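Colleague:
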Amino acid sequence: MSIVQEPPRFGLIDGNTFYVSCERMFDPRLHGKPTVVLGNGDGCCIALSPEAKALGLKIGTPIFQVPDAIRKQVQVRSANFALYGDLSARIVSILRDLFPRVEVYSIDENFVDVEGMKDPVAICLEARERILQWVGIPCCVGLGATRTLAKAGNKLAKTQSKRAAKAGRLAVFHATPENIHQLPVEDVWGVGRRYTERLAQEGVQTAADLASLPTDSVRARYGVVLARTQQELRGIPCGDLELEEPDRKQIVVSRMFGRDVADPLDALVTFATVACEKMRGRDLAAGALWVWLDGNPHKGDGFHVSRAVPLPFPTRDTGEVLQAVRFLAKSMMRPDQRFKRGGIGLTDLVRSEQRHADMFFAPDSRRERGMDVMDKINAKYGRGTVGVGTTGWRVGGARPGEPRRGGKDAQWRPRLKALSPAYTTRWSELLRVQ
DNA sequence: TCTGGGGTCCTAGGACCC
DNA sequence: TCTGGGGTCCTAGGACCC
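Note that this note's numbering has the first sequence beginning at 8, numbered continuously upward.
1. Under a Cβ-count criterion, where at least 16 other Cβ atoms within 10 Å of its own Cβ denotes burial, should Gly160 be classed as buried or exposed?
2. Does Trp299 pass the burial test, meaning 16 or more other C-beta atoms within 10 Å, or should it be called exposed?
3. Which residue from Leu291, Asp267, Ala129 puts its Cα closest to that of Gln257?
4. Gln418 and Gly265 - do their beta-carbons sit closer together than 8 Å?
5. Considering Arg228, what are the terminal residues of the alpha helix (DSSP H) in which it resides?
6. Assign Pro184 to buried or exposed, taking buried as 16 or more other Cβ atoms, counted over all protein chains shown, within 10 Å of its Cβ.
7. In the DSSP assignment, find the unbroken alpha helix (DSSP H) run with Val380 in it and report its ends.
8. In the DSSP assignment, find the unbroken alpha helix (DSSP H) run with Met286 in it and report its ends.
9. Taking all protein chains shown into account, decide if Lys162 is buried (16 or more other Cβ within 10 angstroms of its Cβ) or exposed.
10. Per DSSP, Arg348 forms a beta bridge with which residues?
11. Tell me which residues share the same chain as Glu133 and place their Cβ nearer than 8 Å to its Cβ, disregarding the 5 neighbours each side in the sequence.
12. Distance, Cα to Cα, Arg358 vs Asp379?
13. Between the alpha carbons of Leu90 and Cys29, how many angstroms are there, rounded?
14. In the DSSP output, what is Thr68 paired with across the bridge?
15. Using a 10 Å radius around the Cβ and a threshold of 16 neighbouring Cβ atoms, would you call Tyr388 buried or exposed?
16. For Ala269, count neighbouring Cβ atoms within 10 angstroms of its own Cβ and tell me buried if that reaches 16, exposed if not.
17. Less than 8 Å between C-beta atoms, sequence neighbours within five positions excluded: which residues of the same chain meet that for Arg103?
18. Taking the continuous alpha helix (DSSP H) assigned at Val27, which residues delimit it?
19. Just to confirm my understanding: we take Gly288, look at its own chain, exclude 5 residues before and 5 after, and list those with CB closer than 8 Å. What are they?
20. Answer yes or no: do Val179 and Cys131 have a C-beta to C-beta separation smaller than 8 Å?
21. Leaving aside the five residues before and after Gly63 along the sequence, list all residues of the same chain whose C-beta is less than 8 Å from its C-beta, in chain order.
22. Can you tell me which residues form a DSSP beta bridge with Glu116?
23. To the nearest whole angstrom, what separates the beta carbons of Phe17 and Thr213, a pair I think is in contact under 8 Å?
24. If distances are taken between C-alpha atoms only, which option among Lys79, Ser85, Gln72, Pro74 comes closest to Ala54?
25. What is the rounded straight-line gap between the Cα of Pro342 and the Cα of Ala336?
26. Measuring only the C-alpha atoms, how far is Glu209 from Ala234?
27. Can you name, in chain order, every residue of its own chain whose Cβ lies under 6 Å from the Cβ of Asp308, other than the five neighbours on each side?
28. For the beta strand (DSSP E) that contains Gln330, what are its first and last residues?
29. Among residues of its own chain, excluding the 5 on either side of Glu375, which ones have a beta-carbon nearer than 7 Å to its beta-carbon?
30. Would you report the Cα separation of Lys306 and Leu353, rounded to the nearest angstrom?
31. Can the beta-carbon of Ser6 be found less than 8 Å from the beta-carbon of Gly350?
32. Have a look at His311 and Ile138 and give me their C-alpha separation to the nearest angstrom.
33. State the start and end residues of the unbroken alpha helix (DSSP H) segment that holds Gln208.
34. Determine, using beta-carbon pairs with one atom in the stretch 213 to 225 and one in the stretch 184 to 194, whether at least three such pairs fall under 8 Å.
35. In the DSSP assignment, find the unbroken alpha helix (DSSP H) run with Ile98 in it and report its ends.
36. If you measure between the beta carbons of Gly39 and Glu58, is that distance less than 8 Å?
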């Protein structure tokens, strides 16, 4: 086995239980208390504080399945992605000041370039300190010669930081091919539940076990993706930082409905409107779209229907998309059926300016300018201020005290009972200091 | 009562062409 | 009549990520 020993080239800095930390940032009463953030419609737990984990709660558990005795001990919040996204952007700007290159990997994780730095650990600790002081989010740092090792280091920093906090040590870990025997293989980036099961049958338990398998057999049995992961565990880089976010290939908006509905048209139209806004925000146009609807498997009705349609010319016009969505949805609905979930996808996305008009098809420039005006108004006064002949708007559901627009057609809307205010993104909800 | 949402990449197999 | 290799494109399904 070839092992390459290198100084760290990459760092991975991520926020500890990020959504919970964001909620705590604005509501210090939550500190030290078991805290849970719930996903859409207050359904499943999507983030847990360590205290909540200690009570036995798991990511993905529906909150209603949690026994009352435990639920009473837990502070519950509805996910507030506007708030989390805003704090995330502040963290990124701190990192850009300290590192020559930053890859925004997810809302709570950033890779940084530490190649050639004299003391990468010190710089990473400085970053951690600034983020804690200026944004209020605690972070852990992993270092490694490859991105996979940096991820591994981050995991190990997390598991060690509990003990380290007591011992006064700090939440940084430099992972090398020699010290990753401490990391269970399921915690390796790129190894999910399926691979973990199959690897266990081969006696592979740790990251080091995976690294020591013959590469050819990993390649043959698991494919190129895991073979690359294995190379990276040995310190051989298979990828660099991605500094530019690549253009999306598709944009999907889907939701579980608040209850089973017979007529999901209003929901699908709303999803499509949101998808179009997102698409225009990225200067893209859709060459095709699809729509799907699911029954309720928990009621023994687990069907799935979907239909797709290409568009004659890539469009960024909400009206045109809605027309297609209505047509497809109506062709899929049956009088006796109830739907639990639905979604729409805009696909075959191209950059708006790369569309080429031909003799028969060209964008309607007047309508397209109208779309841009609409987006500007909605950005300024809130989503749904103006729209293309539809009803209710906030996809996540009404905030407490806010009227539920859309009337009886809006039964699909999930309710949010415990949404924290949009402290940083709405003037009316700014935190007040007495 | 109530069960997350949004992405990417790879592979295998079928259809089709030369 | 019988039988070929190689290329492309598309789709569905499987695996992963946060």
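Every residue gets a Cβ at the ideal spot worked out from N, C-alpha and C, and that includes glycine.
The structure presented is a predicted model; accordingly, all values stated were derived computationally and were not measured.
Modeller: Straight from the coordinates:
1. Buried is the call here.
2. With 16 or more other Cβ atoms inside 10 Å of its own Cβ, Trp299 counts as buried.
3. Closest by C-alpha distance to Gln257, out of Leu291, Asp267, Ala129, is Leu291.
4. Taking C-beta atoms as the reference points, Gly265 and Gln418 count as a pair closer than 8 Å.
5. Where Arg228 is concerned, the enclosing alpha helix (DSSP H) stretches over 222 to 229.
6. Pro184 comes out buried.
7. Element bounds for Val380: 372 to 388.
8. From DSSP, the alpha helix (DSSP H) with Met286 extends over 272 to 288.
9. The residue is buried, with at least 16 neighbouring Cβ atoms inside 10 Å.
10. In DSSP, Arg348 forms a bridge with Met263, Asp301.
11. If we look at Glu133 and ignore the five residues flanking it on each side, its Cβ neighbours are Leu105.
12. Going by C-alpha positions, Arg358 is about 15 Å away from Asp379.
13. Rounded to whole angstroms, Leu90 to Cys29 spans 8 Å at the Cα level.
14. DSSP lists no partner for Thr68.
15. Exposed, since its Cβ has fewer than 16 Cβ neighbours within 10 Å.
16. Classification of Ala269: exposed, given that the 10 Å Cβ count is below 16.
17. If we look at Arg103 and ignore the five residues flanking it on each side, its Cβ neighbours are Val109.
18. Run containing Val27: 25 to 33, per the alpha helix (DSSP H) assignment.
19. Answer for Gly288: Asp382, listed in chain order.
20. Taking 8 Å as the cut-off, the Cβ atoms of Val179 and Cys131 count as close.
21. Excluding residues up to 5 positions away in sequence, Ile77 lie with their Cβ nearer than 8 Å to the Cβ of Gly63 in the same chain.
22. The partner list for Glu116 (beta bridge, DSSP) reads Asp21, Ser113.
23. Their Cβ separation, rounded to whole angstroms, is 21 Å, which puts Phe17 and Thr213 out of contact at 8 Å.
24. Restricting attention to Lys79, Ser85, Gln72, Pro74, the CA atom closest to the CA of Ala54 is found in Ser85.
25. Going from the Cα of Pro342 to the Cα of Ala336 covers about 13 Å.
26. Roughly 16 Å separates the two Cα atoms.
27. Excluding sequence neighbours, Asp308 sits near Gly302.
28. Annotation for Gln330: no beta strand (DSSP E) segment contains it, though the alpha helix (DSSP H) segment containing it runs 325 to 339.
29. Closer than 7 Å at the Cβ level, and outside the excluded window around Glu375, lie Arg323, Asp324.
30. Roughly 30 Å between the two C-alpha positions.
31. Outside the modelled stretch of the chain, which goes from 8 to 441, sits residue 6, for which no answer is possible.
32. About 45 Å.
33. Unbroken alpha helix (DSSP H) run through Gln208: 200 to 208.
34. These segments touch.
35. Unbroken alpha helix (DSSP H) run through Ile98: 88 to 105.
36. The answer is yes: Cβ separation under 8 Å.
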